[in-house]
Structures are given as C-alpha cells and as structure tokens.
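Engineer:
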Amino acid sequence: MAAVAAASSSFAGLQLKRSLAPPRTRVLNTGTPCLTRAKAIAPSPVVSETAVDADAVRKDEDECILGTYGRGATPVFTHGLGCALWDTEGNEYLDFTAGIAVNCLGHSDPAWVAAVQEQAGKLCHVSNLYHTEPGATLARRLVDSSFADRVFYCNSGTEANEAAIKFARKFQMVKAQAAGESQWATETVSFSNSFHGRTLGALMLTWKEAYRKPFGPLPPGHSFAVYGDLQSARAAIVKGKTAVVFIEPVQGEGGIFPADAAFLRGLRKVCDEAGAVLVFDEVQCGLGRTGHLWAHQAVGVYPDLMTVAKPLANGLPIGAVLCTEKIASAMKPGDHGSTFAGGPLVCHAALAVMDRVQAPGFMKNVTERGDQIKKSLQKSLKKNKHVLEVRGSGLLVGIQLDVPATPLVARCRDAGLLVITAGAGDVLRLVPPLVVTAAEVDQAVAIITEAINELYP
C-alpha cells in the first residue's frame, strides 16, 4: 500500500509514518467493488523493518499450535493504532472486534503504552508472597468504584468465575457451620444462552451444549433457568440447595441480550430469600462497555460478587473477583491463589485503563457512538427482510439475522472491517474499542450495510 506522502511524528518512543494514501478499493467475493474508506484510519506505526512471511506464520501455527481455533487463512496482523490494524501485506482494517471486547482503548494507546513501558522497566513479577504498590492501588480503585469491599486477582474471566464458585461455596459452608448445621448449599444456577468460560466449573455454567458435551461429566448439581424469566429463576433457585447464581447483566456470547431491570431486581430478591449468592459476570459487558462503568449500575441492582477481566488491562491478561465483606470474610489464607495474578505490570496497565475510562467525557462517547451504531443500522437495514433486530447496550451491539452471520464476517473482512458473530451464529456482533469515533462508525455501518444487502438481498 504505497503512500503518496508521509510525515513522521513520535508516538510512545516509536516513529510513525502518516500515510496519505489514495482511496483504497477492495473487491467483495461477488466481484462488486466496495470503497472501504476515503483515507487511512490512523497513522501506521513502523514497528519493524523485517518483513513477515504470512504463509510461514500460518504454517508454523498449523503445525505447532493445538487446533482449537479455526483461524484458516485470516490475516496475519503486525501492528495497530487506535481502531486500526495492519497486516503483513500493509492492508488496513477497521477493528470492530477489539480482541473480543478486550482492547477498550484500542491498539497502542499512548498513555497505556507509556504505563507498560514504565512498569516493565521497574518490576514485572514477584508473586503474591509480597506487597506491590500497583496491585494495592488498583484494588483500592476497584473498591472505591464499585459495590465491593474486597478484590481477588486472577488472569482471565474464566478464572474469575471459577474463583467465584469457590468463594460462594466456602461462604455457604461457613454460614451453615456457624448455625450448627452439618450440610450446606452447594448447587449452582445460570441461564439460557449464558457463557461463563471453558474450564470445567465455568463450563458447567455455560449454556451451549456443543461446548459442554465433549467434556462431561461436568460437576453435578447445576441447573439452567430461562434468561429474563423470573418464574423460571424461582423454580431453579432452591433454599438450602442453591449456593450461587451466575448471570450476565448483558449477555455477549449468547447473542447480545440486555437483562430487563425488573428481572434483575426480582432475581436479587429471589436470591436473598433463598440465601443464594448472586454473581454478576461482567467480563464482557463491564468497565464502560455499556456506557456505565459497570453494566448493572444502569438498573441499580447490585450483586454479592462480580467477575471482570477482558478490558481491564487493555490486552494484558488480568481478571478480578469483586466481592462484599460478607463473602470475603469466609475466605482464609490458602483457600485460593494464583501464581501470576495481580502482578505489578498488569495492575499498572489496568490503572492506566481505569484513568482513561473514568476520565470526564469518556462514557459520553461510548453512549453516543453506541446510539449512532444502532440508529444508523436500523435506518440503513430497515428494508432488509433478513435483519430482525439491532439491539444492545452502549458499544455492545448485535444484529439479529434469520440467516447465518458467519459469511458476513468474511465479507466485511474483505472490505476492511473486522466483526465477529454471537448467539447461534445468527448474530453479527460489534464490539469496537470504546474510543471509536463517529467517522469510524459511519465507515463500519456503510460496509456492514453493503455486505448484508449484497449477500442477503
């Protein structure tokens, strides 16, 4: 992709070349030209002078990495900036996946890069045998910014949900023993279309049978209730048996379904009456994604535990369980742990994320861009009979189709836009970085509209 002219500027210690390339036309599989964008999304940082052989990369991955990801002949990316990614061929892509709702600040955010570089030059890891300032400061920030009294660090959303199961069960045991009882609640409840992870405990909570069936038998004592159906929840949650209930305030993998406020209020009451611990899984919908710091704040219903992960360190592996003192008081040294969790590097990176997300005006952009996406798509696709609904909360948006969404992922990628699916493969999921601009939303909407109308007229 030749540049007509270039200007250099410094960016977090790197040299950038501002590409003033002419408009680039990509050809969709139908042969129809699709003008993706009239100018470069962002300056492309020069990260290496060494060419990367995409075919060699794919060959090494195919031969050496366990085949749990169906990447196929997708691009090999070399660098990114903001909402833009570049592949080995110099092609530029508008990223509306954000690493599956991870890169909330986009790619190579200057303040985030500076924070990582600063901390990496001082201290990365010492284990949880010792104290570090970044871990303590981040915990204080999370507590001060939420319902919680305590924080437990881990490395992913799945690990956070596994820990939450243990914390809830230990709480039930301590509560029962304090009352002189020899038996206590141990069972779990989650909801239809839920996704809570792929390790055994989290997989037990996850709805999709295709994920669960090959790895059975899973831990016993689990029930599913219907998402949004309070009567179903009441039937599944049993006093003396149900230890913990997991729910996503906005379902992501399941198809982008925001929970109704009345349902969440009713669920909170049912859990209280049954003595069950209520966990909000905000791994995907939390930390600004919905236009609120935490998704549940929009409805004013609060959990006993909350799990967070994906965007917390903008791409570095970190997860956390936030809990009330009531739950935390049941846990003692040795009850749980994690070797890498809460290290100074990831915590310092997470503080940089919190600084940005909590800055004045940040949430306003999330809300405005989310509204822009939904309204623009509803308008541009209103005549397409295959588009059943455009729904979501903030910058977690789904396009419900009555046809497969997977072909649209490839079609949009051919046109320079990265999107993913959700639900039963019939939802096109849009989770751009939270710093996405109005112009970038317009570009994405144009590509999506053209792709849907051409593939499914």
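Residue -17 is where the sequence shown starts when you use this note's numbering, and the numbers rise one by one after that. Even glycine gets a Cβ: it sits at the ideal position worked out from N, Cα and C. Here the structure is a predicted model, which means the values were calculated and not measured.
What does N85 pair with, by DSSP beta-bridge criteria?
Structural biologist: Here residue 85 is taken as the residue at index 103 of the sequence shown, counted from 1. Its beta-bridge partners do not exist; DSSP assigns none.
Engineer: Does the beta-carbon of Q382 have 16 or more other beta-carbons within 10 angstroms, so that it is buried, or is it exposed?
Structural biologist: Along the sequence shown, read from residue 1 onward, the residue named residue 382 stands at position 400. Burial call: buried.
Engineer: In the DSSP assignment, find the unbroken beta strand (DSSP E) run with Y135 in it and report its ends.
Structural biologist: The residue labelled residue 135 in the question sits at position 153 within the sequence shown. Residues R132 to C136.
Engineer: Going by C-alpha to C-alpha distance, which of E74, A55 and R53 sits closest to G62?
Structural biologist: Reading the sequence shown from its first residue, position 80 is the one you call residue 62. Among E74, A55 and R53, the Cα nearest to that of G62 is on E74.
Engineer: Taking the alpha-carbon positions, what's the P326 to S90 distance?
Structural biologist: For the purposes of this step, residue 326 is taken as residue 344 along the sequence shown, with counting starting at 1. For the purposes of this step, residue 90 is taken as residue 108 along the sequence shown, with counting starting at 1. Straight-line Cα distance between these residues: approximately 20 angstroms.
Engineer: Write down every uninterrupted run of the beta strand (DSSP E) in the region 339 to 426 whose length is 3 residues or greater and which is fully enclosed by it, in chain order.
Structural biologist: List check, beta strand (DSSP E) in window: 369 to 375, 378 to 383, 402 to 404 and 409 to 412.
Engineer: Does the beta carbon of D263 sit closer than 8 angstroms to a beta carbon anywhere in chain C?
Structural biologist: Within the model displayed, chain C is absent; a lone protein chain is all it includes.
Engineer: Start and end of the alpha helix (DSSP H) containing N255?
Structural biologist: Your numbering for residue 255 matches position 273 in the sequence shown. In the sequence on display, residue 255 carries Glu and not Asn. Taken as a continuous stretch (DSSP letters only), the alpha helix (DSSP H) holding E255 covers A243 to A256.
Engineer: Rounded to the nearest angstrom, what separates A20 and R393 at their Cα positions?
Structural biologist: Working through the sequence shown from its first residue, we reach residue 20 at position 38. Working through the sequence shown from its first residue, we reach residue 393 at position 411. Low confidence applies here, because A20 scores a pLDDT of 36, under 50, leaving its location unreliable and the question unanswered by this model.
Engineer: For my contact list, W68 and F78 are in at a C-beta cut-off of 8 angstroms; report their separation, rounded to the angstrom.
Structural biologist: As a working mapping, residue 68 is identified with position 86 in the sequence shown. As a working mapping, residue 78 is identified with position 96 in the sequence shown. Not really, about 16 angstroms apart at Cβ, beyond 8 angstroms.
Engineer: Please list the segments of the alpha helix (DSSP H) lying wholly inside the region 216 to 240, counting only runs of 4 or more residues, in order along the chain.
Structural biologist: List check, alpha helix (DSSP H) in window: nothing returned.
Engineer: On the criterion of 16 or more Cβ atoms from any shown chain inside 10 Å, does K515 qualify as buried, or is it exposed?
Structural biologist: The structure shown does not extend to residue 515, since the chain spans only -17 to 439, so no value can be given for it.
Engineer: What's the call for R122, buried or exposed, on a 16-neighbour Cβ count within 10 Å?
Structural biologist: Residue numbering aside, residue 122 sits at position 140 when the sequence shown is read from its first letter. Exposed: under 16 other Cβ atoms inside 10 Å.
Engineer: Distance check for G273 and E243, CA to CA, integer angstroms please.
Structural biologist: Taking the first residue of the sequence shown as 1, we reach residue 243 at position 261. Taking the first residue of the sequence shown as 1, we reach residue 273 at position 291. Correcting the residue type first, residue 243 is Ala in the shown sequence and not Glu. Their Cα atoms are separated by approximately 16 angstroms.
Engineer: Return helix, strand or coil for M288, following the three-state DSSP convention.
Structural biologist: For the purposes of this step, residue 288 is identified with residue 306 of the sequence shown, where counting begins at 1. Three-state DSSP puts M288 in a strand.
Engineer: Return the residue from the list T321, G72 and Q279 that minimises the CA-CA distance to Y135.
Structural biologist: Reading the sequence shown from its first residue, position 153 is the one you call residue 135. Of the listed residues, the one whose Cα sits closest to Y135 is T321.
Engineer: Under three-state DSSP, which class holds S205?
Structural biologist: As a position in the sequence shown, residue 205 is number 223, starting the count at 1. Strand at S205.
Engineer: Note down, in chain order, each residue of its chain lying with its Cβ closer than 7 angstroms to the Cβ of V348, except the 5 sequence neighbours on either side.
Structural biologist: The residue given as residue 348 occupies position 366 in the sequence shown. Contacts found: G270, G273, G376, L377 and L416.
Engineer: In whole angstroms, give me the CA-to-CA distance for K314 and L287.
Structural biologist: In the sequence shown, residue 314 corresponds to position 332, counting from 1. In the sequence shown, residue 287 corresponds to position 305, counting from 1. Approximately 17 angstroms between the Cα atoms of the pair.
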